[in-house]
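S.K.: Residue numbers (this note's numbering): 1 to 225.
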Amino acid sequence: MNLLFNRSSFHLSIISGILIGFAYPPFPGITAWFGFVPLIHIWLSESPKESARWSFLSAVIANTISFYWIGLNSGASLFPVLLSLISCIIYLSSMWALVGFLLSHLNKRFGNGLAMIPFVWVTFEWLRSFGPLGFPWANLAITQTKFLPLIQIIDTTGSEGVGFWILLLNTLLYIFLRANIFDKKLVISLILVFLIPWVFGTIRFQFFETKHNIKSRTISAIQPN
1 MNLLFNRSSF HLSIISGILI GFAYPPFPGI TAWFGFVPLI HIWLSESPKE SARWSFLSAV
61 IANTISFYWI GLNSGASLFP VLLSLISCII YLSSMWALVG FLLSHLNKRF GNGLAMIPFV
121 WVTFEWLRSF GPLGFPWANL AITQTKFLPL IQIIDTTGSE GVGFWILLLN TLLYIFLRAN
181 IFDKKLVISL ILVFLIPWVF GTIRFQFFET KHNIKSRTIS AIQPN
């Protein structure tokens, strides 16, 4: 894996941005499971300032891919539509920059940046959900909507639980790829972290099907504007 981690931070940020951007609908979201790995390397190896800069670049790419549709609003003229899109991308990317700065700072000062990654990310996701600028469409849980068993944990953890799972999975994968030897315990941990939400969701599905004897439901979702 040195072929990946020996690349410049510029290349790593682009790789992460593309992988994460294409994890959002209508794409299936699989790339979110490993898309943060290059970015994690930046967070742990660069200074806080550089980490923030490359995180911002990665976010601009990811958010442009994910939310380009804001610029396709046919009910407004070109200028306000483009202004809305650019403002949205800058706003969302600023969160990534803050995450990158904070994680790099924690890693440089305390040496525990890896352990803090899932916690810092979901904290910023949670904070971003408040106020008139709340933007839940950018939550990582949205990337997993095609995997119904997986997202059943939202009932217990909220959408942040899925984001935590994604960052934890990426963190363990990063540790595995950076290890010089094959660590059996790490592999088992990685497999368990990946499987537990799926098993939980599958059991939950079976419970409701058995209890209510209903194989499917017809629902409608309405977005207030």
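All C-beta atoms in this analysis are idealised placements derived from N, C-alpha and C, irrespective of residue type, glycine included.
Taking Cβ to Cβ, would you say S87 is nearer than 8 Å to G21?
M.R.: No; because the gap between Cβ atoms is not below 8 Å, this pair is not in contact.
S.K.: Express the C-alpha separation of V122 and G161 in angstroms, rounding to a whole number.
M.R.: So the two alpha carbons sit approximately 8 Å from each other.
S.K.: When we look at the beta-carbon of S16 and count the other beta-carbons within 10 Å, is it buried (16 or more) or exposed?
M.R.: Buried, by the Cβ-count rule.
S.K.: Answer with buried or exposed for V199, where buried requires no fewer than 16 other C-beta atoms within 10 angstroms of its C-beta.
M.R.: Looking at its Cβ environment, which holds fewer than 16 other Cβ atoms inside 10 Å, V199 is exposed.
S.K.: Around the C-beta of L103, are 16 or more other C-beta atoms found within 10 angstroms, so that it is buried, or is it exposed?
M.R.: The residue in question, L103, is buried, as its Cβ has 16 or more Cβ neighbours within 10 Å.
S.K.: Over what stretch of residues does the alpha helix (DSSP H) that includes P80 continue unbroken?
M.R.: From DSSP, the alpha helix (DSSP H) with P80 extends over 78–110.
S.K.: Relative to the C-alpha of P197, which candidate in A97, F164, R109, K185 has its C-alpha closest?
M.R.: Out of A97, F164, R109, K185, F164 has the C-alpha closest to the C-alpha of P197.
S.K.: Specify the secondary structure class of G161 as computed by DSSP and reduced to three states.
M.R.: Correct three-state label for G161: helix.
S.K.: By the three-class DSSP mapping on this structure, what secondary structure does N225 have?
M.R.: Low confidence applies here, because N225 scores a pLDDT of 49, under 50, leaving its location unreliable; read the following figure in that light. In this structure, N225 counts as coil in the three-state DSSP scheme.
S.K.: For the ligand ATP, I want to know if Y91 counts as a neighbour, meaning its beta carbon is within less than 7 Å of at least one of the ligand's heavy atoms.
M.R.: In terms of ligand content, the structure shown is empty, and the ligand ATP therefore cannot be addressed.
S.K.: Is there at least one Cβ from chain D nearer than 8 Å to R178's Cβ?
M.R.: Among the protein chains of the structure shown there is no chain D, as only one such chain exists.
S.K.: Rounded to the nearest angstrom, how far is the Cβ of G187 from that of L169, given a contact under 8 Å?
M.R.: The amino acid occupying residue 187 in the given sequence is Val; Gly does not appear at that position. In fact, because the Cβ distance is near 13 Å, the residues do not count as touching under 8 Å.
S.K.: State the DSSP-derived secondary structure class of S47, mapped to helix, strand or coil.
M.R.: Correct three-state label for S47: coil.
S.K.: Can you say whether F182 is buried or exposed, counting buried as having 16 or more other CB atoms within 10 angstroms of its CB?
M.R.: So F182 counts as exposed.
S.K.: Skipping 5 residues on each side, what residues in its chain have a beta carbon closer than 7 Å to that of K146?
M.R.: So the list reads P28, G29, once near-sequence residues are dropped.
S.K.: Would you give the residue range spanned by the alpha helix (DSSP H) that A32 belongs to?
M.R.: Per DSSP, A32 belongs to no alpha helix (DSSP H) and is neither H nor E.
S.K.: Alpha carbons only, please: which of S13, W33, I14 is nearest the one belonging to I142?
M.R.: Closest option to I142, Cα to Cα, is W33.
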